[in-house]
Amino acid sequence: MSAITGWVDFAHAAGAPDPIGVMTSALAGRGPGGEGLWRSAHAALGHRSTSTSSTQPLATNGTAGSGTVVTYAGRLSNAQPLRGQLRSLGREFTHDGSGGDAEVVLRAYEQWGEECVERIEGSYAFALWDERREELLLVRDRMGVKPLFYAPMEQGVLFGSEPKAILAHPLFTPSVDAGGLRDILSIARVPGHAMFRGMREVRPGCVVRVGREHRPSERTYWALRAGEHTDGLDKTVTTVRELLETVISEQFGPGGEPPASLLSGGLDSSSLTALAARTASGLGTGPVRTLAVNDQGADGTSGNDDHLYARVMAEHAGTDHHEISLAGLDLLDPRLRTDVLAAYDIPINKGDQYASLLSLFRAARRHAPVALSGELGDDVFGGYNWQRFDRWVHTDTFPWVAEGRSRFNGMATVFDAGLLAKLDLAAYEQDCHRDAIAELGVREAVADPAEARHREVTYLALTRHARVLFDRLDRLGMAAGLDIRVPFADPRLLAYAFDIPWSMKSHDGREKSVLRAAVRDILPEQVAMRVKTPYPNLRDETYDRVLRERLTAVVRAGDSPVLPLLSDGLRHGAALDGVGRPVLETALQLGDWLKTYGVRVEL
């Protein structure tokens, strides 16, 4: 766990101690051990880590005004071979191993300049300040597993692992405009958007360059590209298995310590659990710890059967299994919901899921510092209904938007009609969908129209839908002190699986056919053949009733900053029956966000 932040200002002294210190302290949750600060005339960098003796920000030993400094968060998967290559090229590592991955990045920049990003692999975000060039580079990993935000200023830039670092700087005033509200109220997730006006997110696989003579510019160093898949089914299944085995083996500690596994009993998490257990057995370490959630309704009965399948899988793999029970009303605890908002810095529309996950991650952290998540398995291998059925695949918007519209019933009941007309969410989602499709340009590489569309849907899943998944794992995991890793997001696996044709991904008439075939021999039959269910998935009418009561209470109190955004009917007592849970969650979270963060609405 670690975090980065910084401030570059070509007109003033960015090295002033107070702002960078406050910005860095704001990220203490991502690195509770200690912090490091580095300052020069026009740049100040900060770093938080779990270690009480942070070696970052890390600087080269150049003469004054000529060195390079890096602040780095994350984990390189190719640190060892890259370090060996750099040493063979004459680069010296001067920190005796204490510099870790950060020094590998620093020496790689010395050797190859900005092009070093094309040689670095893993999940990471880093900032690199070149004193001689007076230039800052902000770099994010290929899939955007690790976050990195920035805010261009008149003569420089602010940046940080989370928005809260930028918000801590006195020069940044939190506000939201129509664009930010569109992102909050829609189900579209656009890379680069950050909700706060004037703030951006470094897009996955991109480098942002900031220099004295120009405003921030961004270039893409890695992206998914459509190509031809030439392997047959058997070879494809074998390759997927080999790639997964490689990725899982890289998640073990230097002494062979196995990661924990967040186990739902579904195909994705069970696959990772089985592979991790086999790897641990081969290394003579373990057992792997597994954690599952038992969501309970108000009557104490289970809301789903995930935990039952998880038990079967845990027994089959021989794991050290732990189960936590969560009742719907537990997830309404105001303190827990406040913690979720503090972790995110933005409103979310799935309060039950995120509260459940934060509780799970906190429980997991008591057992292990690192855990595997099966997220992205559906996106990669075709597990969602909106990837499989024509009525959602062949739409002019994001397929998950088309499939999920019914859950957003009641927008007009809750939100102001003039606001909704101005935002025009349907048109916005269609525009974002069209831009994403143009970005891929798959029709030039894939001749068959049906296959081309399925490739587009997979691209949308991996570059748009996955943003929500990565964000919730990162923010809530960091808030719990848990390092959550996503093996299915490995770029090597993605680059291969992306081109697998849909006819092969669904060759047995079911979802995730290739993945199932790749791991079926190491799973119990009932787990391998289980129909996909959402995870976590709370079913509790009492929960929805309490949400309606809370929103009604907010309206009656008359002092929430969200009131001008709500409908006249709601302010005059309109009933909330039939309003979808995500709409209720969004309205409540939006009010808390505007108040807690002092956000101005500028329409």
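Just so we're on the same page, our numbering is the position in the sequence shown counted from 1, plus 358.
For every residue, glycine included, the Cβ atom is placed at its ideal position computed from N, Cα and C.
- Neighbourhood of residue 934 by C-beta, 8 Å cutoff - its chain only, sequence neighbours within 5 removed: Counting from one through the sequence shown, the residue named residue 934 turns up at place 576. Around residue 934: 768, 771, 772, 906, 909, 910, 928 and 942.
- Message: What residue range does the beta strand (DSSP E) around residue 509 cover?
- Response: Indexing the sequence shown from 1 puts residue 509 at position 151. It spans 507–511 - the beta strand (DSSP E) in which residue 509 sits, taken as one unbroken run.
- Message: Between which residues of its own chain and residue 467 is the CB-CB distance below 7 Å, once the five residues before and five after are set aside?
- Response: Translated into the one-based positions of the sequence shown, residue 467 becomes position 109. The residues are 426, 474 and 486.
- Query: Using the C-alpha atoms, what's the distance from residue 525 back to residue 695?
  - Reply: By one-based count along the sequence shown, residue 695 stands at place 337. By one-based count along the sequence shown, residue 525 stands at place 167. Taking the straight line from one Cα to the other gives about 20 Å.
- Would the beta-carbon of residue 621 fall within 9 Å of that of residue 679? Start at 1 with the first residue of the sequence shown, and residue 621 comes out as number 263. Start at 1 with the first residue of the sequence shown, and residue 679 comes out as number 321. By the CB criterion at 9 Å, residue 621 and residue 679 fall inside the cutoff.
- Item | Cut-off 7 Å between Cβ atoms - residues of its own chain near residue 403, not counting five sequence neighbours on either side | Here residue 403 refers to the residue found at position 45 of the sequence shown. Excluding sequence neighbours, residue 403 sits near 364, 396, 415, 427, 429, 485 and 487.
- To the nearest angstrom, how far is it from the Cα of residue 756 to the Cα of residue 826? The sequence position of residue 756 within the sequence shown is 398, counting from 1. The sequence position of residue 826 within the sequence shown is 468, counting from 1. So the two alpha carbons sit approximately 14 Å from each other.
- Task: Please look up how many angstroms separate the CB atoms of residue 643 and residue 614, rounded, as I've assumed it's under 8 Å.
- Result: For this step, residue 643 is matched to residue 285 along the sequence shown. For this step, residue 614 is matched to residue 256 along the sequence shown. Confirmed, about 4 Å.
- Ordered list of alpha helix (DSSP H) runs contained in the stretch 761–794, each at least 4 residues: 769–772 and 775–781
- Backbone secondary structure at residue 747 - three-state DSSP: Numbered from its first residue, the sequence shown carries residue 747 at position 389. The answer is coil: DSSP assigns residue 747 none of H, G, I, E or B.
- Task: Please state whether DSSP places residue 448 in a helix, a strand or coil.
- Result: Mapped onto the sequence shown, residue 448 falls at position 90. DSSP places residue 448 in coil when its eight states are reduced to three.
- residue 508 vs residue 472 beta-carbon contact at 9 Å: Along the sequence shown, read from residue 1 onward, the residue named residue 508 stands at position 150. Along the sequence shown, read from residue 1 onward, the residue named residue 472 stands at position 114. No, the Cβ-Cβ distance between residue 508 and residue 472 is not below 9 Å.
- Task: Give the range of the beta strand (DSSP E) segment to which residue 620 is assigned.
- Result: Locating residue 620 in the sequence shown gives position 262, where the first residue counts as 1. Run containing residue 620: 618–620, per the beta strand (DSSP E) assignment.
- Count the CB pairs spanning the stretch 494–508 and the stretch 441–450 that are closer than 8 Å, and state whether there are at least three. no
- Determine the burial state of residue 739: buried for a count of at least 16 other Cβ atoms within 10 Å of its Cβ, exposed for fewer. Taking the sequence shown and counting its residues from 1, one reaches residue 739 at position 381. Classification of residue 739: buried, given that the 10 Å Cβ count is 16 or more.
- Message: Could you tell me the alpha carbon to alpha carbon distance between residue 421 and residue 400, rounded to whole angstroms?
- Response: Taking the first residue of the sequence shown as 1, we reach residue 421 at position 63. Taking the first residue of the sequence shown as 1, we reach residue 400 at position 42. Legend: pLDDT at residue 421 = 46, less than 50; position of this residue unreliable, no value from coordinates given.
- Less than 9 Å separating the beta-carbons of residue 729 and residue 619? Taking the sequence shown and counting its residues from 1, the one referred to as residue 729 is at position 371. Taking the sequence shown and counting its residues from 1, the one referred to as residue 619 is at position 261. Result yes, Cβ atoms of residue 729 and residue 619 sit closer than 9 Å.
- Message: Check this for me: beta carbons of residue 698 and residue 834, under 9 Å apart or not?
- Response: The sequence position of residue 698 within the sequence shown is 340, counting from 1. The sequence position of residue 834 within the sequence shown is 476, counting from 1. The answer is yes: Cβ separation under 9 Å.
- Message: Please give the ranges of any alpha helix (DSSP H) in the stretch 886–951, keeping only runs that are unbroken, at least 4 residues long and fully inside the region.
- Response: Qualifying alpha helix (DSSP H) stretches, in chain order: 899–915 and 926–929.
- Task: Report the option in 747, 846 and 839 whose CA atom is closest to the CA atom of residue 387.
- Result: As a working note, residue 387 is residue 29 in the sequence shown. Checked all of 747, 846 and 839; the closest Cα to residue 387 is 839.
- Specify the secondary structure class of residue 378 as computed by DSSP and reduced to three states. Taking the sequence shown and counting its residues from 1, the one referred to as residue 378 is at position 20. The answer is helix: DSSP assigns residue 378 an H, G or I state.
- Message: My output table needs one value for residue 394: the three-state DSSP class, helix, strand or coil.
- Response: Counted from its first residue, the sequence shown places residue 394 at position 36. Strand at residue 394.
- Message: Distance check for residue 563 and residue 832, CA to CA, integer angstroms please.
- Response: As a working note, residue 832 is residue 474 in the sequence shown. As a working note, residue 563 is residue 205 in the sequence shown. Each residue's alpha carbon lies about 17 Å from the other.
- Query: Whole beta strand (DSSP E) runs in the stretch 582–637 with 3 or more residues, listed along the chain?
  - Reply: 618–620
- How is residue 657 classed by DSSP in three states: helix, strand or coil? Position 299 of the sequence shown holds residue 657. The predicted position of residue 657 is uncertain, since its pLDDT is 46 and thus under 50; no value can be drawn from it.
- Figure out for me which residue from 783, 605, 775 and 810 has the closest Cα to the Cα of residue 763. Numbered from 1 along the sequence shown, position 405 holds the residue referred to as residue 763. Among 783, 605, 775 and 810, the Cα nearest to that of residue 763 is on 783.
- Item | Segments assigned beta strand (DSSP E), at least 3 residues, entirely inside the stretch 787–847 | 841–843
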